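Same order as they appear, the protein sequences are chains A and B.
Everything in the first sequence is counted per our numbering, starting at 1 for the first residue and increasing by one.
Everything in the second sequence is counted per our numbering, starting at 116 for the first residue and increasing by one.
We put the CB at the ideal spot given by N, CA and C, even for glycine.
Note that this is a predicted model, so its numbers are computed, not measured.
Worksheet: one structure, shown below.
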Amino acid sequence: EAGVTQFPSHSVIEKGQTVTLRCDPISGHDNLYWYRRVMGKEIKFLLHFVKESKQDESGMPNNRFLAERTGGTYSTLKVQPAELEDSGVYFCASSQVYQGFSGYTFGSGTRLTVV
Amino acid sequence: AQKITQTQPGMFVQEKEAVTLDCTYDTSDPSYGLFWYKQPSSGEMIFLIYQGSYDQQNATEGRYSLNFQKARKSANLVISASQLGDSAMYFCAMREGEAGGFKTIFGAGTRLFVKA
């Protein structure tokens with residue numbers, strides 16, 4: 001089966017511009033997560049979708065970040081307007097199980113650089 | 116409060132030797148899971164091993180084993196017979212139960228260098 005796919009793999013944008021990251025989870029995985037790793041620090045949770053609903057968005061840093069998962073398939077994460085501190089690697093992960101303890105399947109990440 | 120602590124930013128190991136990557140965690144939830152992920156230079160995050168808080172035995176997966184010491188709240192990863200391909204970033208993670216919203220949190224990672 002295809003894994004979790006993220007697009008683009010790299011993005012360099014100027015401060016104030018808009019960027020949209022996309023994640024295609026494994027088919028049939030209802031749970032989709034966004035994480036990011038900034039400046040070599042720990043990987044931090046952003047939000048969790050169950051199908052098309054936001055189950056937990058407590059990790060979203062501010063209202064410049066907007067995540068959607070229309071139709072419960074792929075998800076997008078939009079940053080508008082981008083700031084320098086948004087630079088980092090954005091990971092998407094998916095899983096079948098929510099309340100259990102299965103490992104996630106991660107994508108390769110999108111490296112975002114804001115200049 | 117930091118819930119996952121990886122105190123080794125970088126580690127070196129000789130090829131074919133064993134190496135232990137440290138991880139301590141903090142939770143008041145009696146039900147939780149502990150995970151290790153590997154991130155090679157290609158960037159993807161690879162799930163390695165899982166240990167449940169109620170598991171009596173340490174988890175093992177091939178050359179990976181998790182040294183689970185519940186009272187000390189540590190979940191160290193042991194890699195036996197290191198290979199050059201083991202050079203990567205390793206992340207310890209914890210997923211709490213219902214009390215923690217089933218959220219997975221990660222440590223800052225340890226970069227492992229395997230020397231030939």
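Which chain A residues sit within Cβ distance under 8 Å of residue i?
i: T142 of chain B; result: Per Cβ cutoff of 8 Å: no residues; T142 of chain B is ~13 Å from chain A at best.
Cβ closer than 7 Å: which chain B residues qualify as neighbours of residue i?
i: G109 of chain A; result: G158
i: F106 of chain A; result: E159 and M160
i: G103 of chain A; result: F150, F162 and Y165
Measuring CB to CB, does residue i end up less than 8 Å from residue j?
i: V19 of chain A; j: A82 of chain A; result: yes
i: S202 of chain B; j: F221 of chain B; result: no
i: R226 of chain B; j: G158 of chain B; result: no
i: D30 of chain A; j: K51 of chain A; result: yes
i: S107 of chain A; j: C23 of chain A; result: Reading off the sequence, residue 107 of chain A comes out as Gly, not Ser. Taking 8 Å as the Cβ cut-off, G107 of chain A and C23 of chain A qualify as a contacting pair.
Can you pull the chain A neighbours of residue i, defined as C-beta to C-beta under 7 Å?
i: G222 of chain B; result: E42
i: F206 of chain B; result: I43
Only counting the same chain, and skipping five residues up and downstream in sequence, which positions put a Cβ closer than 7 Å to that of residue i?
i: E14 of chain A; result: V115
i: A190 of chain B; result: C138, Y140, L149, Q166, L181, F183 and C207
i: L84 of chain A; result: K15 and V114
i: P155 of chain B; result: A203
Take residue i and list the residues in its own chain whose beta-carbon comes closer than 8 Å to its own, dropping the five residues that flank it on each side.
i: K230 of chain B; result: F127, V128, Q129 and E130
i: E57 of chain A; result: L46, L47, H48 and A67
Short of 6 Å in beta carbon distance, which residues of its chain neighbour residue i, apart from the five on each side in sequence? Order them along the chain.
i: G167 of chain B; result: G148
i: L77 of chain A; result: L21, W34 and A67
i: T135 of chain B; result: N191 and V193
Chain B partners of residue i, CB-CB under 8 Å?
i: F7 of chain A; result: Under the 8 Å cutoff, chain B gives no residues; its nearest Cβ is about 13 Å from F7 of chain A.
i: F49 of chain A; result: Here the premise fails: no neighbours, minimum Cβ distance about 13 Å.
List the endpoints of the continuous beta strand (DSSP E) containing residue i.
i: Y35 of chain A; result: N31 to R37
i: A67 of chain A; result: F65 to E68
i: G125 of chain B; result: G125 to Q129
Of the choices the options, whose alpha-carbon is the least far from that of residue i?
i: S87 of chain A; options: A:L32, A:Q55, A:P61 and A:E52; result: A:P61
i: T5 of chain A; options: A:E42, A:T73, A:G59 and A:G103; result: A:T73
i: T120 of chain B; options: A:E42, A:V79, A:S108 and A:G71; result: A:E42
i: W151 of chain B; options: B:E132, B:Q171 and B:T175; result: B:T175
i: V38 of chain A; options: A:F65, A:G71, A:Y90 and A:P25; result: A:Y90
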